[in-house]
Structures are given as structure tokens and as C-alpha cells.
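Enquirer: Residue numbers (numbering that gives the first Met the number 0), protein chains in the order written: chain E, 0 to 69; chain V, 0 to 515; chain G, 0 to 719. Think of the CB as a built atom: it goes at the ideal place given N, C-alpha and C, for glycine as much as any other residue.
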Amino acid sequence: MPEVKSSFREVLPKQGQLSVEDIPTLVLCKPKLLPLKSVTLEKLEKMQREAQEAIRQQEAMQREQQHEPK
Amino acid sequence: MAVTMDPLFLAWSYFRRRKFQQCSDVCSKILQDSPYDQAAWSLKTRALTETVYIDEVDVDQEGIAEIMLDESAIAQVARPGTSLRIPGTSQGGGPSPAVRPVTQSGRPITGFVRPSTQSGRPGTMEQAIRTPRTAHTARPVSSSSGRFVRLGTASMLTNPDGPFINLSRLNLAKYAQKPNLSKTLFEYIFHHENDIKNVSTQFISKTHALDLAAMATEHAQFKDWWWKVQLGKCYYRLGLYREAEKQFRSALNHQEVVDTYLYLAKVYQRLDQPITALTLFKQGLDHFPGEVTLLTGIARIHEEMNNVTSATEYYKDVLKQDNTHVEAIACIGSNHFYGDQPEIALRFYRSRLLQMGVYNCQLYNNLGLCCFYAQQYDMTLSSFERALSLAASDEETADVWYNLGHVAVGIGDLTLAYQCFKLTLANNNDHAEAYNNLAVLELRRGRIEQAKAFLQTACSIAPHMYEPHFNMATLSEKVGDLQSSYMAAQKSEDAFPEHVDTQQILKNLRQHFAVL
Amino acid sequence: MSHAFTVQFVRAAMLVPIFTLKLNHKINPRMVTVGKFDGVHPCLAAATQAGKVFIHNPHTRAQRQAAHRLSQSAHDSDISLLNINQAVSCLVAGSLEPGQVGDALLVGSQTNLLAYDVHNNADVFYKEVADGANAIVLGKLGDIPSPLAIIGGNCALQGFDHEGNDQFWTVTGDNVRSLMLCDFTGDGKNELLVGSEDFDIRVFKEDELVCEMAENETVTSLCHMHGSRFGYALANGTVGVYDRTARYWRIKSKNHAMSIHAFDLNADGVVELITGWSNGKIDARSDRTGEVIFKDNFSSSIAGVVEGDYRMDGQVQLICTSVDGEVRGYLPASKEMKGNLMDTSVEQDLIRELSQRRQNLLLELKTSRLTEGDAQMGVIPANTQLQTALCVKAATEAQKAHIELNISTPNETIIRAVLIFAEGIFEGESHVVHPSVQNLSGCVRVPIIPPKDIPVDLHIKAFVGGRNSTQFHVFEITRQLPRFSMYDLHVDPAAPQPTGIVCFGINDRPQRVVMWLNQNFLLPEGIDAPDVKFTCLRGGGLLSISMQPSGEITLKTDDIDLAGDLIQSLASFLAIEDLQAEADFPAYFEELRVTLTEVDEFHSVHQKLTAAMADHSNHIRTMLVQAEDARLMGDMRTMKKRYMELYDLNRDLINEYKIRCNNHNALIACLKSVNQAIQRAGQLRVGKPKSQVIAACRNAIKNNNVNALFKIMRAGTASS
């Protein structure tokens, strides 16, 4: 109704029981923001990866060379 | 008619264009013809050094050996708030572990990671060794072996025929007298320290660097600040922190250089004296007002001591000076996100970092999360898709799927969430958070045994997180297994002493046991 | 100067401690202090085993969070340990920076001085001290505006301000063992008192020596009482009190005095001297008489005696600690007790005096009764005098060179026995000669060999009587032995001339120099002109002194110490305040040059060894982690292999450490000689030129400029 009524008066019981039920719920782990890497760290990781790659290649080549003389 | 460039000039041009391998090759040719050409030798040395050059200021990796067996710090148990080892309770005003994930040490994860102290002191050697040895979290045995793994193989590859400079045959005294050659040689030895895969010769090269620096300093009559700083760096590597401190302070007396302040602050951090380091930084700021690296140093120390509000303040100062400082932006962004202000975090990540051209998996992942929690749903999924496509390793992929799982939970699609978490595990079998969340989902479906199995896995992988322990405690209590519940609750309390619900469970259990 | 020993009165009151603590840490003796590190609560800090310092803080227990669910004993949680990683040699807490809230803790070792802010876990400064730190004191010195941490090491003193700048440095005669600051001269500023291993207590006004008091053993402790009065302790169990240069009293015990402190324990307004002994006894002695007023017993040797308001109740307690970690606090006696104590001490004084007089009178009565009937009285002629003479005796085949003290009576009386009391000459400070009955005569000759060139008072008591007497008259006479007695006028013309020479000029007449010579040397007939030659009885070298009419004096001797002593003695005799000199001692300077090169070598070896050891220990750490790793994985074979490698590495490291120790000791010995050389160069001058020489020498050494050093030692100034 478009009448202007007086504002609602809230009723706040000052007495009486207020029960709280605490249902133990399981807790989720939080979403993870991924930390950004610093330039140094990236360079280190890149170098490490390249080095490992190169070593793998070298070992592969050496193994081929060993197999060839057969 | 071909006009050929002078070979040395050609080599120098390659060097300026950062084509170090070609530069080195041309120099080798020159040296074959005239072996005593100092210019070519010097240039080749510098080229080889640049290929493996890492800014020492950033590198600060502490191995297990240093952490467990180190007594350089004066106070064994310092007052909380004055030490880097005791995280101090959330006096810094940061969000509790109920809101922000923590690392193994009990510190919240940061927004930015450097090859530096991963924070956290494991209680015993056994704990230190047993932590999962995945590439991200593994700690090297000692700092030198860590460096070796990263650099040693690289430097060996620069010359498959053998080392360019044979350290054992060098007459260091002769080189020390020649300032134009000695500095180049020093940098080579210092950065190529793990020249040969032999531990005992590692030792030789370390002391070679030290000897050369000592002789050169003497030759310069103790007036050259550069050599003093190099001496300090050598001592730092050897673990002689007090000697390093003396050299750096002496260098500062001769010449105020920002780098020296940074190295000296590293020494104080190793001595576990964060307040001394802070005082030092402030002194540096007196001489170099507004210097970004010094401000960053202060911010990092505050972050390590868990003073999130101070850290944020200093990062903001950094941004005032340098708008493009990635670390500052990332840290402030992550602090806002966990402080329940995803919109502001979004501003930082999107407007600043993305516009700067940062283009990697982590940024898009973070963008996706911020968009979702800031209720900008249109951007969310596309960001995550980009993140997945940019992921460089399985661990990164796993993390992105994990966050997608959270988005799914948020929109109420539990089947999708379940699939996302399973995908997480497929990419990273040790993802403790995924196990925990899967357990929660399983319990909703009523599959208690499955939930328990997942929780147990999560507990064993990540004993520092409180969630799996708390969930295990709750579950066990429901099922009636009070003993396991009590033990799990205690572990949860260890990880997060202020958690109210854990306290509630413990109180209930204690009442039960008292009645018995 | 009284040389009587006071009788220790046993009837002292037992102290009752107001609190007792038993800490689980041993305490190193003489390294105990109390500091308010947070500016409010006094905490006990002490050095303990394994290069650690512990701080006991019983005040904030309630505020500390329970870090661990396991309950710790209350004492354990009160103690926090600091890693110093070196053997601690001295320790003090106090305010180094005016305006700073908390006290700083200063820890000295043989190589470094650390000033540490305990509350903030931050260094105030960390300095390398080449001369070591045996003792430390904190306070203001002279006109220097900021408070200094002053350390005494091997022949050197150094003072640092709160920024670590060394504002003060000087040399002293020997290794320093104890330090104290007080206003000795009454000019409103502090002087520094230094107790050394050469038995001297020296007083420095900044770097200028004001006076010296010679004792007869290493001075291990000094403590300020009030005004210019201070207590001292020696390594032979002597404890006493000086007022300026005069010694009031001293007592000697067979135990060592570990720590002394001034505290008013009987609330009478005057501090007593509290001594902690090596047998666990604590006693408090009156500063006037040395009489024991209080005492108590610990079960092990006392480590340190300090004071502080440990119970935070507004009253300062005297805190005593033992080496086993027992700590007791005592409050000053209450007012009622005070009255009683004073009465009893007055009564005791009176009783003692009266009984002494009674003893004496009884003895006299007894002897007079005895002698009435006996004809063998020790009657001697009325004008009997005791004569003494001193003369120099060169070495013979039968006897070493010595001074002969000739005691004789001019008539037929004989000397039955002679007691000579003198400090520093005889073992046990006294000497008795009693010839057998057959050899009685009127003349007794006693050989005396003074070990150092210092004037000595000989207190002689001789029993004189008839040949058959049984009672004797006691004659007392005091004779002073001149300072430079061990120098013989007889010179062997074939003896080689000394190469060392010192020249300086004075404004006095030659007669005055002659007076000085006559006073300080044993010259049987005296001399007229200041031109003499002597043979040194101790070393055998020659000493020649000559003076030009222009006032220039030339000393020729190879012994630089002797030259220094002569110049100091002459200058004080003639009341000269400032004296410059030129000198050359080629043999000694050559030795010094060699020593300096050795120092450089030792330094570089030290650096190499340090780096090698550091790397070695890193290696060991890595190996240990790998071994543990193998064990955790169950790979026992690898684990065993690693542990065996560890064992070998460990042995190697220990050997390296021993080598480094030897190198370090040799280096310290060299550095001490260098400091002594500076000291000797200083002794050749007086007043401002002396301080200038010392400062200039030190600068030359700091800048590694050996040639400048020798120029300064020769010419007295650095200007070329």
C-alpha cells in the first residue's frame, strides 16, 4: 500500500533462550594465489632446465657412439 | 671484395648484443693464433662469465645443513618480533591461517617468490629431510650443493673439451698485480666456482677466489671498495659472516654503494638480526633517498617477520618510486586478496601487471581467482584457460585445476569441483589441499571411508596445514573414534593455535575423557 | 705505609640471603654482570661453557606465551642463551648510548668485542680487537664526551663509543687484567685505573700516565668504593684498599679473591668491600680497617659479585654467584641491627686493645722478674748504634752480583739476628739472618738482589746484645735502597761500547743532575760531575751518562727499558713535565723489524687457515645431512660410509684447528712485543711528547708503514 506508514518497530527480545547450534562442518582448503617468480629465479630455473636437456642429449649421443662400433 | 671486420671488434660486437657463445668462439680463434692476447682472453672470460651470471644479491638459498647446524645467530631464542626464525603470532595484522594458506613454516604464502630463504625452520634434522622432495619445496642439502645443481652442469657445458681456465695452474699473484685482468678473472672464478664435478676441487676454486681477492686488495693498498666487496662475498659463501661483515663495512667507509648495503643486509639476515638489517637499510636510505632496492629490502624483512601491515606500507613506497615493480605489485595484490578485498587485488593484477606485459601462468591464475571473487564472472574462465595454456610444469597445471575446483564449489557445481580436484591430483600426486577438499566432497556424498583415506593422505603429506587435521578430528568424532579425533585435534592445534573450532572439539573431548 | 697485617676477627655476623636461585648453568669466574636490557628489569648475564652467555630474566615469566605444550621448569624458561662462538674473556652490561632505553651487553673475547642490544636482538657494533680483551669497563673517561666501552688486552687499552669508533687507545706496561673508572685526582673527571700482570696499578688521565703503584703480584681486580678510595685484589690472595696512592690496609689469604665489589651491607652509609673467594666464602670488610663484618659460605668457588634490584621491590640487593650456578641475594642490614653492629665493633676494638696491652705488660713483668736475678742481662753500652751500609758487589766465581747490606755495631756488642722486611726482594717478603753461636760478630752481611729498578725500603730489625746474652735489644732502622743500585762504577775498559743511545736536553744545572745521580745510584764517594760509566750487574752491559754544559744529556746503553726508567726517574726528580728525546737502539729496532714481518706472515696464514676451516666445516655439515638422509631411507651401507668419511674429516678439522691455534698464539706474542716496543718508545719521553709518540706509532702500524714507525721511534715525531 502506498500509504506512508510509520517505520517498523523491531522487536528484540531481551530475555528468552537463544540457542546456537554449532554443527561441526568440514573445512575446505583455501584457494591458492600462485606467487610470481623473480627474474633471477626464472633465469636459474631456465638454466637448470637447459643444462639438464643438454646433458641428456650428450648422454644420448655418447650411448649411440658406444653402440655404433658393434 | 669482402671487407672483414677486425676479429676482436666482431667479438666485442657479439658481446654487446649478448651473443655470448659466438663471442667466445671468435675469441678462441684469436687466442689460437696469438695465445698472449690479453684483450681477447679478457673478453672471452667475460663472455663465459655472463652466460652463468646470477645477481648475487638475490641468491640466498639456505640448505638443510645451514639451517640445522648453524650457530651464527647470537640469540638462540630471540624475543618474538626481533627474529626471522620465530614467525611471531599474527601481530603484524595479517589474515590468519583460517583465511590464508600457510607454508611449511607456519608463514602465510607470499605473493612473490625469490631464490631465497624459503622461510621456516624445521624442528629436527629428520623433519628437514623428510619434507616432500618436489622441485618446488625441496631444500638442497647445503647452499653450495644447491648452487652446484643449478649452475655446475651449466658451466661445464660451456666447454665440453675441458675448462677454459685451469685454476690449479694459475699464478694468482701475477694476476693480482694487473687490475685490468684481475677483476675479470675474479668474476670468472666466482661464478664458475663449480667448474669441475669434483667436491674437493670446488674447495680449491672457492679459496682461489678468496686468495685472488685478498692479493688484489692488498695490491690496491686496501683502498679499493670493489675488492673489499668481493672479499666480503667470498667470505659470505664460505659461511664466515663476521668477516664478510667487516669487509662490507670497510667498503662502505670508502664508498657508499647501494649494492654493498644489500650484501651487508644479507649478512645480518643470516645472523638472524632483522632489526640490525632494518637499521642498516634506513642508513642506506639516508644516503640514497627513495632507492627502490633498499625499500624492497625493508619490505621483505617485514614480510618475513610476519608484519604484513608494515610490509604493505613499504611496498607502497616502492610503487611510488617505481610503478612497474613486479614484486611490490604482486605482494600488495595478494595481501588485498586475502584481506577480503578481491576488487582491489584485481586492480593490481590486471591494470598493472597485465598491462606491463607480464604473461605467465601465475598471473592468469591469480586474475581468474580475483575476477571470480570480485564477481566479474565473464573474465574468470577465460583467465583460467589462458593460465592452463601457459602452465610450464605439471605442478602449475595442478594448481590451476585446484583453483578451478574452488570456482566450481563457489557456483555450487560439486560434480565439476570433484572433477577439477581429481585433475589436480592427476597432475600432482602430492597436492595436499586437493586431497583435503576431495575428502570434504566425499563426505557430502556420504562416502566416509573414502573421505578418511583422502584425509589421511593429506595429513601425511602436509602436516603443517591445519585443515586436514581438523577435518580428521571432526570426522572421527562423528564416527565415534574419539582417540584418533583427539590426536588429530592436537595436531590441528599445533598448526593453528587460535582456531576456535579446534578448541571446541578439544574441550568436548576432554570433558568426555574426564567422565570416563 | 703500613705493612702490618691486620688480624682477621672471626666474630663476624652470618649473612642470611633474601633469595636463592639454582641455575642449571655453570658460571665463568669474573664474567658476571647485571643489566636492564629492556630498560626496566635487571637481569643477570654471565658467561658459561662452550662460548655461550646466558641471561636470566625472572621478571617476564607471566607475559611469556606457552610456546610448547610440554611444561618446562620455571628456571629453564627464564634463561636465554646467546651464542658467542668464542671463548668469552670479559663481560659487562651498561648504557653505551645516552638516550637509549635499554642497556647494551658487551662481550669481549681474545679477538673480538661485541656490543649487543639484547632486547632488539641487534648488534650495536662488532669489532675486531687485535690485542684481545681481558677486562672491560663502561663509562666516561676524561674529557671524551660520549661514554666508552674500555677494554684492556695485551699491553694495550682501547675505548669504543656506541658507533664502534675507537676514540681512545694507548699502550701500557704488560697484559691488562683489571680496569676501573673513578675520579682519582679529584678534578671532576674520571681517570682509568689499570691493573696489570707486571704487578703495577697505573692511573691514566685519558692516554697520559698520572701515577703508578707497585704491588707484588698480578692485580686481578679493582673496584671503586667512594671518592678516590678503591679496593684491589692480587693473584696471591691479597685484598686491600687504597686511597689515591696510599694503601690503607690489606689482608692475605691462601685462597684467591675471585671478585670484589663495594656495597653498603650494614646500612651505615659507607660501603664495605665485599670479596668472593675461591673456596666459596663471601665476606664484607670495613673499608677503614679491613675487619670482617659479614660472611657467608657457598659450596663452590665464587664467580662474581654484583648488585641490582632483582626483586623489583625498590631495594638494591647484593647478588653473589658461584661457579656452579648458585645465586644468592642479600639485603643491607635493617636499622635495628645497624645499631648493634656498630656497638659491638666499638666494644670489640676496645677489648682487643686492652688485651694487647695486658699481654705486653705481662711480658715485661716476666722478663724484668727474670732478669733481676740473672747477671746475663743484655746490657749494652748506652751509645750503641746500629750502622748500615750498602755497597755494590760485582759477580765473582763464588757469588752472583749483588748489593751487600752491611749491618754492624761499632763496639764489642754482637748482632744475634737480623730481620729484614722489604717488598719484592725476598721470597715471602722478609729475610732472617741468625748466625750460629760460634759465628756471632758485630757485623752481619746480607746479600740483596733487587729484581727490578725500583726504590725499595728495607726495614731492618736487629737483635743486639752481649756475647753471652740471652736477652737482646731490638734496634729498628729503615734504609732505602736507591733505585739504580745494581750498577757498578767499576768498568772493564775492554768491555764493548753500547750501541744504543738517547739524547735529550734539559734546562737545569749540572749540579742538579749530580744530585739525582747521588740519590739514585750507589756511589760510595759521590761524584761531582754528571759524567759516569757503570756496569749493569744484571745484564753485564755498559751504561754511560754524560751531560754537556749546554744542558744536553746523552745516555748510552743497549737496554731500552733501562734508558726509559732513567729518563722517567730524572724527569720526575727535576719536575720536568714534557720532554722530547732522540734515540737509536739498532739491535732492538732490528728485532722489532723482524717481528713486524712475522706479524704480516702470521696474519696471511691466519686468513688462509680460517677460510680453509670454514670450507671444511661446511663440507662436514653437508656430509652429516647426507648421512642422516641415508639413515632415514634405510640405506645403512651408504650411511656407514658417510659416517666414516665424517670421522676422517673431523680429525682433519681438529688438526687444522690446532695449527691455527699455534699460529694465533705466535701472532699474539708478536703483537704483544710490538705493543711493548711502542711502550718503550714512549718511556723515552715525558708528558705530551710521550703521548704523541705513542699515538703516532700506532697510526704508523695501522697504516702498515714500517719505515714511518722507526722514524717516529727515533725522532719522536712523524714529520719527515
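(1) Quick test of your reading: S382 (chain V) and L366 (chain V), contact by CB under 8 Å. State the CB separation rounded to the nearest angstrom.
(2) Between the alpha carbons of G303 (chain G) and G279 (chain G), how many angstroms are there, rounded?
(3) For the alpha helix (DSSP H) containing S18 (chain E), name the first residue and the last one.
(4) Which word fits D194 (chain V), buried or exposed, when buried means at least 16 other C-beta atoms lie within 10 angstroms of its C-beta?
(5) Run through chain V and tell me which residues come within less than 9 Å of D647 (chain G), C-beta to C-beta.
(6) Give me whichever residues DSSP pairs with I476 (chain G) in a beta bridge.
(7) Count the other C-beta atoms from every protein chain shown that fall within 10 angstroms of the C-beta of F262 (chain G), then say buried if there are 16 or more, exposed otherwise.
(8) Only counting runs of 3 or more residues, tell me where the beta strand (DSSP E) segments fall wholly within the region 140-215 of chain G, in order along the chain.
(9) What residue range does the beta strand (DSSP E) around E306 (chain G) cover?
(10) So which residues of chain E does Q469 (chain V) contact, with C-beta pairs closer than 7 Å?
(11) Measuring CB to CB, does L345 (chain V) end up less than 8 Å from L353 (chain V)?
(12) Could you please give the first and the last residue of the uninterrupted beta strand (DSSP E) stretch that includes Y247 (chain G)?
(13) Could you compute how far the alpha carbon of Q71 (chain G) sits from the alpha carbon of Q455 (chain V)?
(14) Comparing the C-beta of K265 (chain V) with each C-beta of chain G, is any distance below 8 Å?
(15) Taking the straight line between their C-alpha atoms, what separation do you get for F167 (chain G) and A393 (chain G)?
(16) Taking 8 Å as the threshold (beta carbon to beta carbon), is V37 (chain E) in contact with chain V?
(17) Apart from the five residues just before and just after V270 (chain G), which ones in its own chain have a Cβ nearer than 8 Å to its Cβ?
(18) Using a cut-off of 7 Å between C-beta atoms, extract the partners of N322 (chain V) located in chain E.
(19) Mapping the DSSP letters down to three states, classify N405 (chain G) as helix, strand or coil.
(20) For the region 119-130 of chain G, which residues have a CB atom closer than 8 Å to at least one CB atom of chain V, in sequence order?
(21) Please compile the residues from chain G whose C-beta is within a distance smaller than 7 Å of the C-beta of G238 (chain V).
(22) Based on Cα-Cα distance, which residue from G:G563, G:D348 and G:G230 lies nearest to W248 (chain G)?
(23) Put A494 (chain G) into one of helix, strand or coil per three-state DSSP.
(24) Run down chain V in chain order and give the residues with a C-beta less than 7 Å from the C-beta of P30 (chain E).
(25) Taking Cβ-Cβ distances below 9 Å as the criterion, which residues of the region 355-384 of chain V are in contact with chain E?
(26) Among the candidates V:R248, V:H324, V:G289 and V:N252, whose CA atom is the shortest distance from the CA of A276 (chain V)?
(27) Beta-carbon separation of T498 (chain G) and A574 (chain G) under 8 Å?
(28) Chain V beta carbons: is any one of them nearer than 8 Å to that of L541 (chain G)?
(29) With DSSP as the reference, please indicate the residues paired to L666 (chain G) in a beta bridge.
(30) Can you list the residues of chain E that D57 (chain V) reaches, using a CB-CB cut of under 7 Å?
(31) For A129 (chain G), which residues in the same chain have their Cβ closer than 7 Å to its Cβ, ignoring the five residues on either side in sequence?
(32) Under 8 Å, Cβ to Cβ, is there at least one residue of chain V near K13 (chain E)?
(33) Hey, is the region 419-436 of chain V in contact with the region 398-410 of chain V, meaning 3+ C-beta pairs nearer than 8 Å?
(34) Along chain G, which residues have their Cβ under 7 Å away from the Cβ of L68 (chain V)?
(35) So that I know if they touch, is there some Cβ in chain V lying closer than 8 Å to that of T609 (chain G)?
(36) Distance cutoff 8 Å, beta carbons only. Does L129 (chain E) sit that close to anything in chain V?
Expert: Here's the rundown:
(1) 4 Å
(2) 11 Å
(3) Neither: S18 (chain E) is in no alpha helix (DSSP H) and is coded neither H nor E.
(4) For D194 (chain V), the predicted model reports a pLDDT of 40, less than 50, meaning its position is unreliable; a value from the coordinates is still stated below. Result: buried.
(5) Here the premise fails: no neighbours, minimum Cβ distance about 13 Å.
(6) G:I459
(7) buried
(8) 147-151, 155-159, 165-170, 175-181, 190-195, 199-204 and 207-213
(9) I301 to G307
(10) Going by the sequence as given, residue 469 (chain V) is Phe instead of Gln. The answer, in chain order, is V26.
(11) no
(12) A245 to K251
(13) Caution applies to Q71 (chain G), whose pLDDT of 45 falls short of 50 and renders its modelled position unreliable; the value that the coordinates give is listed next. The straight-line gap from Cα to Cα measures roughly 32 Å.
(14) no
(15) 46 Å
(16) The question names Val, yet the displayed sequence has Ser at residue 37 (chain E). Cβ-Cβ to chain V under 8 Å: yes for S37 (chain E).
(17) M224, H225, A261, F262, D263 and D286
(18) Going along chain E, no residue has its Cβ under 7 Å from N322 (chain V), so there is no contact; the nearest lies around 16 Å.
(19) strand
(20) N119, N120, A121, D122, Y125 and E127
(21) A613 and N617
(22) G:G230
(23) coil
(24) L368, N402 and H405
(25) V357, N359, C360, Q361, L362, N364, N365, L368, C369, F371 and Y372
(26) V:R248
(27) no
(28) no
(29) Per DSSP, none; premise fails for L666 (chain G).
(30) S37 and T39
(31) L670
(32) no
(33) yes
(34) R620 and L623
(35) yes
(36) Past the boundaries of the shown model lies residue 129 (chain E); chain E is included only from 0 to 69, so the question cannot be answered.
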